[in-house]
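In the working numbering, the protein residues as written are 304 to 605.
Glycine included, C-beta positions come from ideal geometry on N, C-alpha and C.
Because the structure is a prediction, the values reported are computed rather than measured.
Beneath this line is the structure, given in structure tokens, with notes to follow.
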Amino acid sequence: MPVKIPSSLPAKAQLESENISVITNDLIETNGNPSVKVAILNLMPNKITTETQLLRLLGNSPFQVDIELIKLASHISKTTPESHINAFYKPFAEVESQKFDGFIITGAPIEHLAFEEVNYWDELCRIMNWTLTNAVSTLHICWGAQAALYHHYEINKVPLKKKLCGVFPLQPLSKSNVLTSGFDDTFYAPQSRWSGIDEPALKACPALEVLASSPEVGMHMAATRNCKQVFVLGHMEYDADTLANEFKRDIEKGLNPAVPHNYFPDDCPSNTPAITWRNHANLFFSNWLNYITFKNQKERYL
304 MPVKIPSSLP AKAQLESENI SVITNDLIET NGNPSVKVAI LNLMPNKITT
354 ETQLLRLLGN SPFQVDIELI KLASHISKTT PESHINAFYK PFAEVESQKF
404 DGFIITGAPI EHLAFEEVNY WDELCRIMNW TLTNAVSTLH ICWGAQAALY
454 HHYEINKVPL KKKLCGVFPL QPLSKSNVLT SGFDDTFYAP QSRWSGIDEP
504 ALKACPALEV LASSPEVGMH MAATRNCKQV FVLGHMEYDA DTLANEFKRD
554 IEKGLNPAVP HNYFPDDCPS NTPAITWRNH ANLFFSNWLN YITFKNQKER
604 YL
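In structure tokens, the structure reads:
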């Protein structure tokens, strides 16, 4: 089923070139299928790239997905053209009265800051509280997951001795959970972060369940028992070259980064990386949308 987006959104051409079904807002829906309404609060600096990555996964699913892109009033992006933000993003105040099936809060490259030092922290906390009543399920990614765990459950992030960067094997801890249904015994996901989660505090929280982890990565995925809140520390949405671009950027900044783990063939940065996580990324997003649809239907007929 298609993902529904504005006709001039830059992601449209890329998605169509990959045979991802899209339908533009100026077309009338004629297939009669119910749609899933998903809002994305995009906190990443390169918003156009992140839009494309998330829309690819939402569009490669059995559901028609209506997308709303949300921006903060308390933060102005310095790395995405203002014309793009104004054309495709709505302030949260314009959608605050609405209800969404799914809500996504992305990561942000601000791990070095305490949460309360983030200039949009108060607004983000208000939005995270709002999702509890206005979204069937909220997916928090990377820093967004750390922020939500801290805000809702007082589980803090923990700095790592070195950056966790690469593609790591992970194990699902509960194959009966709707979000990891159909997962193999081992799957892969990119990681790119300087911090983890206070795992003893996470495991001691009765409201939360760890769904996937590994000895190298720690917790990769967790959720509330009813999957209303989902927390993913990795980046299943990443393109094949995203870690390569980050590696090149860090070299140009003089940071002397380590070669991303298990990413470049033969650990040689001149080799083209192969994507090894796309199947499980598609499965996870389909599982998440399926949960939302089932939850809506169940509540509708009860």
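Ignore the nearest five residues each way along the sequence and tell me which others in residue i's own chain have a CB closer than 7 Å to its CB.
i      : result
Ala448 : Phe534, Val535 and Leu536
Ser589 : Ser364 and Pro365
Val421 : Ile413
Gln325 : Position check: residue 325 holds Val in this sequence, whereas Gln was assumed. Only Pro305, Val306, Ile308, Lys315, Leu318, Glu319 and Gly362 meet the Cβ criterion.
Going straight from the alpha carbon of residue i to that of residue j, what length do you get?
i      : j      : result
Gly485 : Gly557 : 42 Å
Lys350 : Thr383 : 6 Å
Cys428 : His455 : 9 Å
Ala577 : Tyr566 : 7 Å
Val368 : Asn548 : 29 Å
Arg528 : Ala510 : 6 Å
Asn437 : Ile308 : 21 Å
Gly469 : Pro563 : 4 Å
Ala316 : Thr352 : 13 Å
Phe391 : Ile430 : 19 Å
Ile408 : Gly521 : 21 Å
Asn582 : Ser516 : 18 Å
Ala396 : Asn574 : 46 Å
Cys508 : Leu435 : 18 Å
Ala342 : His538 : 18 Å
Which residues in the same chain have their Cβ closer than 8 Å to the Cβ of residue i, if we skip the five residues on either side of it in sequence?
i      : result
Ser440 : Asp404, Gly405, Phe406, Cys530, Lys531, Gln532, Val533, Trp591, Tyr594, Ile595 and Lys598
Pro568 : Asn574, Thr575, Pro576 and Ala577
Relative to the C-alpha of residue i, which residue among the options is closest?
i      : options                           : result
Glu319 : Leu346, Lys350, Ile554 and Gly362 : Gly362
Lys466 : Thr579, Ser573, Gln494 and Ser380 : Gln494
Ile444 : Glu540, Asp488, His564 and Glu555 : Glu540
His415 : Ser386, Pro518, Pro462 and Asn389 : Pro462
Arg496 : Val341, Leu546, Leu586 and Ala396 : Leu546
Trp257 : Gly410, Lys402 and Phe418         : Residue numbering for the chain in the displayed model covers 304 to 605; residue 257 lies beyond these limits and cannot be assessed.
Ala450 : Ser498, Asn574 and Phe587         : Ser498
Ser310 : Ala342, Val341, Ile370 and Leu360 : Ile370
Leu473 : Glu457, Trp446, Ala525 and Ile343 : Ala525
Tyr423 : Lys381, Asp487, Trp580 and Ser377 : Ser377
Taking 8 Å as the threshold (C-beta atoms), are residue j and residue i in contact?
i      : j      : result
Val398 : Phe366 : no
Lys374 : Pro394 : yes
Val513 : Leu452 : no
Asp501 : Asn459 : yes
Leu372 : Asn389 : no
Phe471 : Glu519 : yes
Phe587 : Leu482 : yes
Ala561 : His523 : no
Starting from the C-beta of residue i, find all residues in its chain whose C-beta is less than 6 Å away, skip the five residues before and the five after it, and write them out in chain order.
i      : result
Ala314 : Glu354, Thr355 and Leu358
Ala543 : Pro576 and Ile578
Thr333 : Note that Thr333 has pLDDT 43, beneath the 50 cutoff, so the model's placement of it is unreliable and the number below is only indicative. Excluding residues within five positions, none has a Cβ falling inside 6 Å.
Leu442 : Ile407 and Val533
Gly410 : Ile444, Cys445, Trp446 and Gly447
Could you tell me whether any non-hydrogen atom of the ligand FMN is closer than 7 Å to the CB of residue i?
i      : result
Ala376 : No copy of the ligand FMN appears in this structure; indeed no ligand is present at all.
Consider the Cβ of residue i: report whether some Cβ of chain C lies at a distance smaller than 8 Å.
i      : result
Gln494 : The chain labelled as chain C is not found in the depicted structure, where only one protein chain is given.
Enumerate, from N- to C-terminal direction, the unbroken alpha helix (DSSP H) stretches of 4 or more residues contained entirely within the stretch 474–537. Qualifying alpha helix (DSSP H) stretches, in chain order: 502–506.
Contained beta strand (DSSP E) runs [length at least 3] in the stretch 370–438, N- to C-terminal order: If we require 3 residues or more, the beta strand (DSSP E) runs fully inside the stretch 370–438 come out as 392–394 and 403–408.
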